[in-house]
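Let me begin by presenting the structure, written as structure tokens, before commenting on it.
Number of protein chains: 2
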Amino acid sequence: MLTQAAEDYLKSIYKLQEKGGKVSTGILAEFLDVKPASATGMIKKLKSMNLVSHQRYQGVTLTDAGKAVALEIIRHHRLLELYLNKALGVPWDGVHDEAEKLEHVISEEVEARMDEILGYPTADPHGSPIPDKNGVVPEIQSIPMTDLQNGQSCVVAEVSDNDAALLRHLGSFNLYPGTAFKVIEVAPFDGPFTIDIAGQQAVIGREVAKNIFVNNVEPIDTV
Amino acid sequence: MLTQAAEDYLKSIYKLQEKGGKVSTGILAEFLDVKPASATGMIKKLKSMNLVSHQRYQGVTLTDAGKAVALEIIRHHRLLELYLNKALGVPWDGVHDEAEKLEHVISEEVEARMDEILGYPTADPHGSPIPDKNGVVPEIQSIPMTDLQNGQSCVVAEVSDNDAALLRHLGSFNLYPGTAFKVIEVAPFDGPFTIDIAGQQAVIGREVAKNIFVNNVEPIDTV
DNA sequence: AATTTATTTTAGGCATAACTAAATTATATA
DNA sequence: TATATAATTTAGTTATGCCTAAAATAAATT
Numbered sequence: 034m035l036t037q038a039a040e041d042y043l044k045s046i047y048k049l050q051e052k053g054g055k056v057s058t059g060i061l062a063e064f065l066d067v068k069p070a071s072a073t074g075m076i077k078k079l080k081s082m083n084l085v086s087h088q089r090y091q092g093v094t095l096t097d098a099g100k101a102v103a104l105e106i107i108r109h110h111r112l113l114e115l116y117l118n119k120a121l122g123v124p125w126d127g128v129h130d131e132a133e134k135l136e137h138v139i140s141e142e143v144e145a146r147m148d149e150i151l152g153y154p155t156a157d158p159h160g161s162p163i164p165d166k167n168g169v170v171p172e173i174q175s176i177p178m179t180d181l182q183n184g185q186s187c188v189v190a191e192v193s194d195n196d197a198a199l200l201r202h203l204g205s206f207n208l209y210p211g212t213a214f215k216v217i218e219v220a221p222f223d224g225p226f227t228i229d230i231a232g233q234q235a236v237i238g239r240e241v242a243k244n245i246f247v248n249n250v251e252p253i254d255t256v
Numbered sequence: 034m035l036t037q038a039a040e041d042y043l044k045s046i047y048k049l050q051e052k053g054g055k056v057s058t059g060i061l062a063e064f065l066d067v068k069p070a071s072a073t074g075m076i077k078k079l080k081s082m083n084l085v086s087h088q089r090y091q092g093v094t095l096t097d098a099g100k101a102v103a104l105e106i107i108r109h110h111r112l113l114e115l116y117l118n119k120a121l122g123v124p125w126d127g128v129h130d131e132a133e134k135l136e137h138v139i140s141e142e143v144e145a146r147m148d149e150i151l152g153y154p155t156a157d158p159h160g161s162p163i164p165d166k167n168g169v170v171p172e173i174q175s176i177p178m179t180d181l182q183n184g185q186s187c188v189v190a191e192v193s194d195n196d197a198a199l200l201r202h203l204g205s206f207n208l209y210p211g212t213a214f215k216v217i218e219v220a221p222f223d224g225p226f227t228i229d230i231a232g233q234q235a236v237i238g239r240e241v242a243k244n245i246f247v248n249n250v251e252p253i254d255t256v
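Chain order of the listed sequences is A and B. Position 145 of the first sequence, counting from 1, maps to 178 under this note's numbering, and the rest follow consecutively. Position 156 of the second sequence, counting from 1, maps to 189 under this note's numbering, and the rest follow consecutively.
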């Protein structure tokens, strides 16, 4: 059995690996809010269990076994988030923290039952893909909202899930995955976005927009 | 925040206290499968937190605060057992172990949602009473099955929950809480019970019968 | 009162996981 | 290429938490 800390390291390595191949000790340490020396220690431990490969000064990579564990934890997390939200009515800004604790503890049996009850879903309440039980991650096509230009319409695909206040803010505009909106105006000099959601106007700051990813983007209005 | 071990000690002290007032160090240690010295250590720790009262060589008692914690954990456990069984379809012989892990981790919010969804239940799948959120434990009237005599009919009130194999065995006879049965014969010299459940006969060994508690006991057939 | 039993204290072990400080290695710059 | 800077690793420390064996002490029993 793995410790909770070990599982958290594996999950983090997976996430960081997603965006840029090899994961340096420093980046990993920063992500987990520990000192680099601590990360080195855990990396050595995980390496001795053949969950990561690592050569000094070259960064870590998950082995197949390590990736399987990481995906299992992520699957737990995302299924739990969806289950908590859909079946238990926990608001979407609260599911992350709860899932963070439960993910290390639930059995495969309970996971399978939740999966079935939810109808084998492919995305959690924030739009993040749920790996299937074989570790296959559904592809989600999306671009950052900050890439949008005036007049473009689109649908929310995914939002960052780790900031409850941000989620409450987005919720107040109904900016959930699946919600369509259109860009009315992008203020110059990296300013905020004015958008139209179901006839309602809303102003979304750029820092907030960075946490929103969209798809089904329609081409710019050309008069 | 309390550690999981501390919560387990409090829960154990509560259960042992139920059956006989003060709880000795030795009994507690045996119950938790640790050495007496370990129990003494934890007792000191719990005492420093005002969760138990204790004077050397005199056994432990929960304080009001300690009792509140114990009942909260027990409430978590039993609500989880029922939720896992009813809402997620986990078989009754599997819910105990799963709840044992989850009970230390779920939030009050999730607990409240489960409680509501289950309709504010008062007993878990094994018939054990679920304390309410104020720590009030519903009374369950019952006597040991081993007190029954020939010809008496009754209803299963509660069974021990910690032995999965026993639960599967009872399940094979439909001996769930709420099930009615009648004693056909009690074999002499502390022998097994032959009972009738909905027209089916079953033989229940005495060791098994010790784990079954019944109520609604009808008087003996007097011809 | 002597002996047995139970409890407590003492002293120490082990596992986990973090940290600091110093040494090492890699990378960037002059 | 030499040197400065940055990143990583090593080594040793600290803290938590729970456990144990052995010795000391108290309580119960004969």
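Glycine included, each C-beta is placed from N, C-alpha and C at the ideal position.
Item: Proximity to isoleucine 46 of chain A [Cα-Cα], best of A:Gln88, A:Gln234, A:Leu104, A:Arg89; Value: A:Leu104
Item: Interface partners of methionine 147 of chain B on chain A, CB under 9 Å; Value: Leu121
Item: Distance between glycine 204 of chain B and valine 236 of chain B (C-alpha atoms, nearest Å); Value: 13 Å
Item: Of the listed residues B:Pro158, B:Asp41, B:Val56, B:Leu61, nearest to leucine 112 of chain B (C-alpha basis); Value: B:Pro158
Item: Proximity test, Cβ basis, 8 Å: glycine 54 of chain A and chain B; Value: no
Item: Per-residue contacts from leucine 135 of chain A into chain B (C-beta, under 8 Å); Value: Leu135, Val138, Ile139
Item: Where isoleucine 173 of chain A falls: helix, strand or coil (DSSP); Value: coil
Item: Inter-stretch contact at 8 Å, needing at least 3 Cβ pairs: the stretch 210–226 of chain B / the stretch 237–253 of chain B; Value: yes
Item: Residues of its chain near phenylalanine 206 of chain B, where Cβ-Cβ distance is below 7 Å and the 5 sequence neighbours each way are ignored; Value: Ile230, Ala235
Item: CA-to-CA distance, isoleucine 106 of chain A to aspartate 97 of chain A, given in whole angstroms; Value: 14 Å
Item: Buried versus exposed, by CB contacts within 10 Å (16 or more), threonine 58 of chain B; Value: buried
Item: Given 8 Å, three or more beta-carbon pairs between the stretch 79–95 of chain B and the stretch 120–140 of chain B; Value: no
Item: Interface flag, leucine 117 of chain A vs chain B, CB-CB below 8 Å; Value: yes
Item: Local conformation of asparagine 248 of chain B per DSSP, three classes; Value: strand
Item: C-alpha gap between alanine 120 of chain B and glutamate 144 of chain A, whole angstroms; Value: 13 Å
Item: Exposed unless 16 or more other CB atoms sit within 10 angstroms - verdict on glycine 211 of chain A; Value: exposed
Item: Distance CB(serine 186 of chain B)-CB(alanine 213 of chain B) smaller than 8 Å; Value: yes
Item: Residue of A:Val250, A:Gly53, A:Lys80, A:Asp41 minimising C-alpha distance to glutamine 174 of chain A; Value: A:Val250
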